[in-house]
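Protein chains: 2
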Amino acid sequence: MNYTYQYPHPAVTTDIVIFSVRDNKLQVLLIKRGQEPFKGSWALPGGFVRIDESVDECAKRELQEEAGLEDVYLEQLYTFGAIDRDPRERVISVAYYTLTPSAHLTPAAGTDADEVQWFSVENLPELAFDHTEVLRVARDRLAAKMEYSTIGLQFMAEEFTLSQLQTVYEQATGKTLDKRNFRKWILSLDLIAETGKRFAAGAHRPAMLYRIKEPDRVEIIR
Amino acid sequence: MNYTYQYPHPAVTTDIVIFSVRDNKLQVLLIKRGQEPFKGSWALPGGFVRIDESVDECAKRELQEEAGLEDVYLEQLYTFGAIDRDPRERVISVAYYTLTPSAHLTPAAGTDADEVQWFSVENLPELAFDHTEVLRVARDRLAAKMEYSTIGLQFMAEEFTLSQLQTVYEQATGKTLDKRNFRKWILSLDLIAETGKRFAAGAHRPAMLYRIKEPDRVEIIR
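Top line first, the protein sequences correspond to chains R and E.
Counting in this note's numbering, the first sequence runs from 22 upward without gaps.
Counting in this note's numbering, the second sequence runs from 22 upward without gaps.
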């Protein structure tokens, strides 16, 4: 079936940057493309917006289909609209990014992806399309938003230590933080609470486990 | 001429929220639509992305054609992708916003617009499409960004008093600010400098005029 218009129309896709802090590193989920263009290259998960779904719904569907992820924090990042970013036709991509606790993540390759793999953002392969640029914008947004919002908590599992939380902040902002100042600051925000339990990892003095008071809330802080 | 595709394609537009602080009020520039749909309704300036221009270029072109504005701060806001936001066909809109010094502004109606008019954001007419929602998102972004960046300076003319700057901050954030604290804070950022001249408005003690040290720079502050 063909669809005809009186003037040329672009195609619209969504691409999704999936961040997680794994093995004490900021990592991103990439798929190896199973078809042309860029067959065999690593790329961000994503795909074409269907005519009967909103752009947001497309992003959620792709996240589910290509990475097996649901119910994670998902935010629109930026729309990439250069004229030559896809060799097939004019394609405008609405990029999203998501932050996921590493515990949530057992992604399996979906229908369109040959392989799914985590990469440290410090050690990325060459990416298809303009995805290196998309990822750069996503990292900048994440680093900035860590400073002025509570977004960082979206990386955390249900229970976590302050050291784990500090690692997440350090990895996502690229800054080394002073342990005492970080603890004082994060506790002053009144966003996390002690669980009463301690982290049993054979340490001499096991660390307190914390939980997020309002897990789904991301807000601006000063 | 007709353009044929194997699957349905959306159309893509840009819409632009043009903010300025005029008569001590946050105002937005609207155009009265000269054609259907919503003929005769007020709407944000904007139009279809041409196949041979980037989305950013389209926003700049529309800003020039519909509002006569060039060389102003322009930032991508959000992409609105609901399926039913235009009665003609599936249209996805990439919204931008701009902050302009009131001195820059002598917009004239362009080719597509019957009339161009400033409206206080507190006293808006009913808008075409989902433009009320677009404007709400733009106001939220502006208010948030005033707090954590130097974007507010983009509203200022070449020379301004601290009172004028305070009015801009109050209007854009919706908050009443303490005069002494505001002055202390804004001067501590080291972004503005005294011109040595004073504001001649017949006041008993004319206020110092300031200028922006680096006019084109918008950065994150803490």
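We put the CB at the ideal spot given by N, CA and C, even for glycine.
What you are looking at is a predicted structure, and each value in this text was computed from that prediction instead of being measured.
Distance CB(Phe150 of chain R)-CB(Arg106 of chain R) smaller than 9 angstroms:
yes
For Asp44 of chain R: DSSP bridge partner residues:
Beta-bridge pairing links Asp44 of chain R to no other residue.
Output, in sequence order along the chain, the residues in the region 104 to 119 of chain R whose CB is closer than 7 angstroms to any CB in chain E.
Ile104, Arg111, Ile113 and Val115
Return the Cβ separation of Thr197 of chain R and Thr100 of chain E in integer angstroms, given the expectation that the two are a contact with Cβ distance under 8 angstroms.
At roughly 35 angstroms, the Cβ-Cβ gap does not stay under 8 angstroms, so Thr197 of chain R and Thr100 of chain E are not in contact.
Top-ranked residue by Cα proximity to Glu57 of chain E, from E:Val38, E:Glu110 and E:Leu50
E:Glu110
At a Cβ threshold of 9 angstroms, is Asn49 of chain E touching chain R?
The sequence shown places Val at residue 49 of chain E, not Asn. By this cut-off, Val49 of chain E is not an interface position.
Going straight from the alpha carbon of Tyr118 of chain R to that of Ile37 of chain R, what length do you get?
5 angstroms
Quick one: what does DSSP say Tyr28 of chain R is sitting in, helix, strand or coil?
coil
One question on the structure: do Met167 of chain R and Ile233 of chain R come within less than 9 angstroms of each other, judged by their Cβ atoms?
no
So is Ser209 of chain E in contact with chain R if we call contact Cβ pairs under 9 angstroms?
no
Cβ distance (whole Å) where Val112 of chain R is taken to contact Ala164 of chain R below 8 angstroms
Contact flag wrong, Cβ pair sits at about 28 angstroms.
How long is the line joining the alpha carbons of Lys46 of chain E and Arg226 of chain R, rounded to whole angstroms?
58 angstroms
Segment contact, 8 angstroms Cβ cut-off, at least three pairs: the region 191 to 206 of chain R with the region 65 to 74 of chain R
no
Which term fits Ser114 of chain E, buried or exposed, when burial requires 16 or more other beta carbons within 10 angstroms of its beta carbon?
buried
Compare the Cα-Cα distances from Ile39 of chain R to each of R:Leu148, R:Asp161, R:Thr188 and R:Leu84 and report the closest residue.
R:Leu84
Using CA coordinates, which residue listed in R:Asp199, R:Arg238, R:Val189 and R:Thr182 is at the minimum distance from Lys218 of chain R?
R:Thr182
By the three-class DSSP mapping on this structure, what secondary structure does Phe176 of chain E have?
helix
Which chain E residues are close to Val38 of chain R, counting only those with a beta carbon under 7 angstroms from its beta carbon?
Residues of chain E passing the Cβ test: none, with the nearest at roughly 15 angstroms.
Thr35 of chain R and Gly55 of chain R - do their beta-carbons sit closer together than 9 angstroms?
no
Counting along the chain, where does the beta strand (DSSP E) carrying Thr216 of chain R start and finish?
Ile213 to Arg219
Alpha-carbon spacing of Val76 of chain R relative to Gln97 of chain R, whole angstroms
10 angstroms
Starting from the beta carbon of Asp73 of chain E, find every residue of chain R whose beta carbon is closer than 8 angstroms, and list them in chain order.
Ile104
Can you name the residues that DSSP bridges to Gln56 of chain R?
Paired residue(s): none; Gln56 of chain R is not in a bridge.
Secondary structure at Leu50 of chain R, three-state DSSP: helix, strand or coil?
strand
Along the region 137 to 168 of chain E, where does the CB come closer than 8 angstroms to a CB of chain R? Name the residues.
Ala165 and Glu168
Considering just the uninterrupted stretch of the beta strand (DSSP E) at Met229 of chain R, what are its terminal residues?
Met229 to Ile233
How about Ala32 of chain E: is its C-beta nearer than 9 angstroms to some C-beta of chain R?
yes
Does DSSP put Arg238 of chain R in a helix, in a strand, or in coil?
coil
Nearest chain R C-beta to Thr132 of chain E closer than 9 angstroms, yes or no?
Low local confidence applies: a pLDDT of 49 at Thr132 of chain E is under 50, so the model's placement there is unreliable, with the coordinate-based value given in what follows. So, not an interface residue.
Below 9 angstroms between beta carbons: does that hold for Trp139 of chain R and Val49 of chain R?
yes
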